[in-house]
Amino acid sequence: MRLRALLNTDALGLRLLGGEDQLDRAVRGVMTTDLKDPSRYLSGGELVLTGLAWWHDPADLEPFVRILADAGVSALAVGEAELRAVPDELTLACARHRLPLFGVDESVAFATVTEHVVRQVSGERAGDLAAVVDRHRRMMTSGPAGGGPDVVLDLLGSDLDLRAWVLSPTGREIAGPVPGLPAQVRAELAAEHLAAARTDRRGPHRATVGGTTYALFPVHGGGHRPGTAGENRATADTPRDPRETLLSDWLLAVEVDARDWPEGRLDLLRGVTQLIAVERDRRDAARTVRRRLAQEVLELVQTGAAPTEVAARLRVAAPVLLPGLGAAPHWQVVVARVEWEGGEIEGGPVARSLLEEILGAPATGEEQPRPGGPEQNDRTAVAHTGEEAIALVPLPAVSSEHDGTESGVAADTLLEAIRDPLSAGLDDDGRLTLGVSAAVHSAEGLRGALEEARHARRVAAARPGRVCAAGHHELASHVLLLPFVPDDVRRAFTARLLDPLRDYDRRHRAELIPTLEAFLESDGSWTRCATRLHLHVNTLRYRVGRIEQLTGRDLSRLEDKLDFFLALRMS
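Mind the numbering: the sequence shown is residues 128 to 698 in the numbering used here, read in order.
Right under this line is the structure:
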């Protein structure tokens, strides 16, 4: 609102004492003070009300006016109830600093002025928010996607001074101002949201994290929309049970305490979540192709199709998931299962949507910039069969010649990132278990990787906790001796340990596999092994060092010697 509008409101009893040429200034708020220096409480744009109780000497007035002017307040209004007249020194100081000055009639309480300003400003801010929503709605309906969630969040920040972030159910930042929220804050906000969503109460939910209060609004995807403004919630398109979507729905976290907001303003922010949901649905549609690819590969693998047929399908999938990649990627398999007590909710689709959100983050779980938004890392193809979701995770084909390591999904890192938030959503009647395979380098290894991931998930399921995960490293060699371990898991273990050595031998015409066999048969004796292979001991040490480098194992350890022995026997 403008100062001119305040002056023209007779009920406020304002009398202009100076600054007639400044009456078009906007008023963004109001503050009453009896402090000589109120600067710490000013942010600019306020109408400052004072009874001058702090004034004892004319010299006090100039510094006070200068403080207000430097803070960018809109105007000063002085109560006349305790004064016979506003001091001339104050009028002159305001004129020097071009600060409009009003007198407030003694019959009008400061509370009356405050209530009027707050009511007018709140109404105008709500109108501004409606304009923001309408503006972005037009952008999204007139063009491709309107720039994604970041566009509407930028508008909220620039037009309304509201800082807001879109988060995944695990606290991954999807959109928002930079710098983003700390990881721990995001995880706590996601946990608060999931816990509140279990009640199926309409947002916003209030959360205070690190001394800051946030309003949390659900962003429903997959065609599920909450009731819009003025719509009866009972007629809205809602799922039968909130647990069907809560583990995959995004949330909008707004840095504001919305407890005193009128329902109209809340409905406007709910409109913002619907705009973001449009972008969510667009990304879900883009995932349809990846889901179909994963389903086709999974069916081929499970029906025992020839490796050449599986390899052909993987070649089709690779450019979709990793566009521009020159070489064929390596692959990991992640298996997830979501189980709810009672069994009335189908777990497969829930686990699939959850895996897509979990694996949409960088595979290592580390924080990275998101200049291109979620698509930068949304490379996973996820299918579901029955109650199980299965993800194909492509990894750029990196040479293991140098250090024997590859980037990829690590079960312990994944678990650390998702355990706390998702445990809040699963509450006391749900459970998530995940299994992660090792990376495989060819179609031949994919069936073994699937069985390995499934077996790792069963290992995780045997542990206590609402969210559990296990990786291929936990399938130790002694487990392979147990009769219930599938043959494919044994083959996967063998391939993971020996394939790097076979690849190296093939590329360099080396003899690492024969060297390893001779070293084990010589009980680790350098002299006997070197004599047996007709090598110098230093050459033998070089080869053994290369074996250890490529596999990450240590041939001085009994456990690693045993693993190599079993792998060679089973191969």
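Backbone N, C-alpha and C define an ideal beta-carbon position, used for all residues, glycine too.
query: E471 burial status per 10 Å Cβ neighbour count (16 or more: buried); result: exposed
query: Under 9 Å between C-beta atoms of G298 and A544; result: yes
query: T340, DSSP secondary structure in three states; result: strand
query: Inter-residue Cα distance where the pair is T177 and A204; result: 7 Å
query: Three-way DSSP call (helix, strand, coil) for G598 in this model; result: strand
query: Residues near G357 by beta carbon distance below 7 Å, same chain, minus five either side; result: Below a pLDDT of 50, predicted positions are generally treated as unreliable, and G357, at 35, falls in that range; no measurement from the model is reported.
query: Pair within 9 Å by beta-carbon distance, A421 and S569; result: no
query: Where P521 sits in the DSSP three-state scheme; result: strand
query: Environment of T560 [buried if 16+ CB atoms lie within 10 Å]; result: buried
query: Helix, strand or coil at L226 [DSSP, three-state]; result: coil
query: CB contact below 9 Å: L541 versus chain B; result: The structure shown contains no chain B; it is built from a single protein chain.
query: Other residues of its chain near D376: CB distance less than 7 Å, five sequence neighbours each side excluded; result: P296, P345, V346, H347 and G348
query: Burial state of T218 (16 or more Cβ within 10 Å); result: buried
query: Residues of its chain near G140, where Cβ-Cβ distance is below 8 Å and the 5 sequence neighbours each way are ignored; result: V231, D232, S234 and V235
query: Nearest-angstrom Cβ-Cβ length linking V563 and V536, presumed shorter than 8 Å; result: 5 Å
query: L195 vs L162 beta-carbon contact at 9 Å; result: no
query: CA nearest to the CA of D539, picked from T340, H511 and E601; result: E601
query: Bridge partner(s) assigned by DSSP for A508; result: L519
query: Residue from D151, L144, G145 and G146 with nearest C-alpha to A132; result: D151
query: Range of the contiguous alpha helix (DSSP H) that encloses G398; result: E390 to Q429
query: A597 to R585 span [Cα, whole Å]; result: 8 Å
query: Selection from V477, A334, R397 and L396 that minimises the alpha carbon distance to D384; result: A334
query: Whether V90 touches Q459 by CB criterion (9 Å); result: Residue 90 is absent from the model: the chain starts at 128 and stops at 698.
query: A565 vs I517 beta-carbon contact at 9 Å; result: no
query: Stretch-stretch touch, CB-based, cutoff 8 Å, three pairs: the region 310 to 328 with the region 400 to 417; result: no
query: Identity of the residue in R246, V594 and R673 nearest G706 by Cα; result: For the chain, the structure presents residues 128 to 698; residue 706 sits outside this window and is missing.
query: CB-CB length for L321 against P331, believed under 8 Å; result: Going by Cβ atoms, the distance from L321 to P331 rounds to 14 Å, so no, they are not a contact pair.
query: Beta bridge counterpart(s) of T666 as assigned by DSSP; result: Answer is none; T666 lacks a bridge partner.
query: Alpha carbon of V293 to alpha carbon of D277, nearest angstrom; result: 9 Å
query: From L378, E675, D681 and F646, residue whose alpha carbon lies closest to that of V664; result: F646
query: Cβ neighbour criterion (16 or more within 10 Å) applied to Y168; result: exposed
query: Q459 - partner residues in DSSP beta bridges; result: V520
query: Supposed contact pair P523 and P456 - C-beta distance, whole angstroms, cut 8 Å; result: 6 Å
query: Straight-line Cα distance separating S480 from R593; result: 18 Å
query: Proximity below 9 Å, CB of E675 to CB of L682; result: yes
query: Pick from G172, G199, A208 and D215 that is closest to D184, judged by C-alpha positions; result: D215
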